[in-house]
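Heads up, the sequence shown stops at 449 in our numbering, and the numbers go up one at a time, no gaps. Ideal placement from N, C-alpha and C gives every residue a C-beta, glycine not left out. These notes concern the structure reproduced below.
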Amino acid sequence: RMGKPLPPAPLDGKAIDFNATGDRRAHLANWLTAADNPYFARSFVNRVWKNFMGRGLVEAVDDMRATNPPSNEELLSAVTKDFTEHRFDVRHLMRTIMNSATYQRSSQPNATNAQDEKFYSRYVVRRLPAEVLLDAVSQLTGVPTDFPGYGAGTRALQLPDSRVNNYFLTVFGRPLRMMTVDSERSSEPSVAQALHTINGDTINRKLRDKNGFVENALRLGLSDEMLVQHVYAAALSRAPQAEEMKQLLAALRDSGADRKQSIEDLLWAVLTSKEFLFNH
170 RMGKPLPPAP LDGKAIDFNA TGDRRAHLAN WLTAADNPYF ARSFVNRVWK
220 NFMGRGLVEA VDDMRATNPP SNEELLSAVT KDFTEHRFDV RHLMRTIMNS
270 ATYQRSSQPN ATNAQDEKFY SRYVVRRLPA EVLLDAVSQL TGVPTDFPGY
320 GAGTRALQLP DSRVNNYFLT VFGRPLRMMT VDSERSSEPS VAQALHTING
370 DTINRKLRDK NGFVENALRL GLSDEMLVQH VYAAALSRAP QAEEMKQLLA
420 ALRDSGADRK QSIEDLLWAV LTSKEFLFNH
C-alpha cells in the first residue's frame with residue numbers, strides 16, 4: 170500500500186537496511202542466538218536430548234507448540250537456560266546430558282518401569298541409526314565405506330547429501346529428506362535388513378578385505394583369548410563374560426584348520442548380534 174518494498178527482517182526482528190553490504194545470514198544468526206529468543210535454544214536442546222535418549226522432551230521434536238507440552242517442562246527449561254548461559258556450547262550440552270543420572274539409567278526394566286517409554290525411568294533400547302551403524306561396521310572391520318564423489322575415509326555421518334547411493338543406508342532407514350519432518354526417518358525392522366545383514370555384501374565384503382581386521386589379526390598372530398577380548402572391547406565396549414569366553418574359545422578350537430574363516434565367523438557373529446545393532 171505504501172508503494173515501497175518490504176525490508177527483509179527476521180520473525181519479529183529488526184528490519185535490515187536495503188543498503189547494508191554485510192552478509193544477511195549474520196543478521197539471521199544473531200536473531201537466532203539472541204538471549205531474548207526463546208525458540209532456538211529450546212528446540213536445539215530438545216533435538217540433542219532426543220539424539221542421546223531416543224525421545225525428545227517434546228515429541229515429535231519438530232512439533233513444538235503450546236498444545237504439545239514437554240514431558241518435563243522444568244527439565245527442558247533448566248537445560249535450555251544452562252545451554253544459553255554457556256553461550257550455546259554444544260560440547261557442554263552433550264557433557265551435561267551424558268553425565269546425568271537420566272542418561273546413565275539401565276536399559277533393564279523392572280516391575281515399576283517396564284511400561285514407561287516417556288518419562289526416562291529406564292533407558293529405552295533402540296537400533297542405531299543407519300549412518301551410525303554403517304560407520305560402526307566400518308570401524309570394527311577396519312575397512313572404510315566408499316561413497317561416490319567423496320574422499321577415502323569419509324564417514325556416513327559426514328554425508329551432506331542423502332542422494333548418495335548406498336544400499337545399506339537405504340535399507341536401514343536413512344531418509345531421502347524430501348520432507349521437513351523428523352518422522353521421515355524409519356527405525357522399523359524389516360526382512361530386507363535381516364537378509365542384508367546375514368547375506369549382503371556390506372559386512373561380508375569388509376570381512377574378506379585384505380586390509381581389514383581379519384587379515385591384520387592373522388598377521389599379528391593373536392591368540393584365541395586375545396582375539397575374543399579385542400573384538401568385544403572394540404564392538405561392545407566390554408569384556409566377554411566367562412560363559413561367553415568359554416563358548417567362543419570352544420567354537421574357535423572346533424573350527425578346524427581354516428583360521429581365517431574362524432576369525433571371520435567370530436567377527437560376523439558379533440556384528441550381527443542385537444548388542445551391536447542396538448543402543449542400550
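Give the straight-line distance between the Cα atoms of residue 212 and residue 225, rounded to the nearest whole angstrom.
When the Cα atoms are used, residue 212 and residue 225 turn out to be separated by approximately 10 Å.
Can you say whether residue 362 is buried or exposed, counting buried as having 16 or more other CB atoms within 10 angstroms of its CB?
By the Cβ-count criterion, residue 362 is buried, with 16 or more other Cβ atoms from all chains shown falling within 10 Å of its own Cβ.
Quick one: residues in its chain with C-beta nearer than 6 Å to the C-beta of residue 405, no 5 flanking neighbours on either side, listed in chain order?
Correct list, in chain order: 444.
Within 8 Å, do at least three Cβ pairs link the region 370-383 to the region 293-308?
Yes: at least three Cβ pairs fall under 8 Å.
Please determine if the region 324-341 and the region 291-302 are in contact, where contact requires at least 3 C-beta pairs separated by less than 8 Å.
Contact holds between the region 324-341 and the region 291-302, because three or more Cβ pairs, one in each stretch, are under 8 Å apart.
Enclosing alpha helix (DSSP H) for residue 289 [first to last residue]:
Careful: residue 289 lies outside any alpha helix (DSSP H) and carries neither H nor E.
With 16 as the cutoff for other CB atoms within 10 Å, does residue 193 come out buried or exposed?
Exposed, because fewer than 16 other Cβ atoms sit within 10 Å of the Cβ of residue 193.
Over what stretch of residues does the alpha helix (DSSP H) that includes residue 367 continue unbroken?
Note, residue 367: alpha helix (DSSP H), 360-368.
Can you grab the Cα-Cα spacing for the pair residue 359 / residue 340, in whole Å?
If you draw a straight line from the Cα of residue 359 to the Cα of residue 340, it is about 8 Å long.
With H, G and I counted as helix, E and B as strand and the rest as coil, what does DSSP make of residue 448?
Strand.
Distance CB(residue 396)-CB(residue 435) smaller than 8 Å:
Yes, they are a contact pair.
If we call anything under 8 Å between Cβ atoms a contact, is residue 217 one with residue 171?
Their beta carbons are not under 8 Å apart, which means residue 217 does not touch residue 171 by this criterion.
Where do the N-terminal and C-terminal ends of the alpha helix (DSSP H) with residue 213 fall, by residue?
For residue 213, the enclosing alpha helix (DSSP H) stretches over residues 209-222.
Based on DSSP bridge pairs, tell me the residues matched to residue 295.
Looking at the DSSP output, residue 295 shares a beta bridge with 448.
Distance, residue 429 Cα to residue 296 Cα:
A straight line joining the alpha-carbon of residue 296 with that of residue 429 spans about 30 Å.
Tell me whether the beta-carbon of residue 248 lies closer than 8 Å to the beta-carbon of residue 239.
The answer is no: Cβ separation not under 8 Å.
Expressed to the nearest angstrom, what Euclidean distance is found between the alpha-carbon atoms of residue 273 and residue 177?
Distance between the alpha carbons of residue 273 and residue 177 is about 46 Å.
Starting from the Cα of residue 254, find the closest Cα among 202, 230, 400 and give me that residue.
Of the candidates 202, 230, 400, the residue whose Cα lies closest to the Cα of residue 254 is 202.
Say the cut is 7 Å; is the CB of residue 221 nearer than that to a heavy atom of the ligand SAM?
Ligands in the displayed structure: none, and consequently the ligand SAM is not present.
Let's test the definition: count the other Cβ atoms within 10 Å of the Cβ of residue 208 and tell me whether it reaches 16, buried, or not, exposed.
By the C-beta density criterion, residue 208 is exposed, having fewer than 16 other C-beta atoms within 10 angstroms.
For residue 432, which residues from the same chain have a beta carbon less than 6 Å from its beta carbon, with the 5 sequence-adjacent residues on both sides left out?
Answer for residue 432: 383, 386, listed in chain order.
The alpha helix (DSSP H) with residue 423 in it runs from where to where?
Run containing residue 423: none; DSSP gives neither H nor E here.
Cα separation between residue 320 and residue 285?
Going from the Cα of residue 320 to the Cα of residue 285 covers about 44 Å.
Outcome for residue 380 when other beta-carbon atoms lying within 10 angstroms are tallied against a minimum of 16:
Counting of Cβ neighbours within 10 angstroms places residue 380 among the exposed residues, the total staying below 16.
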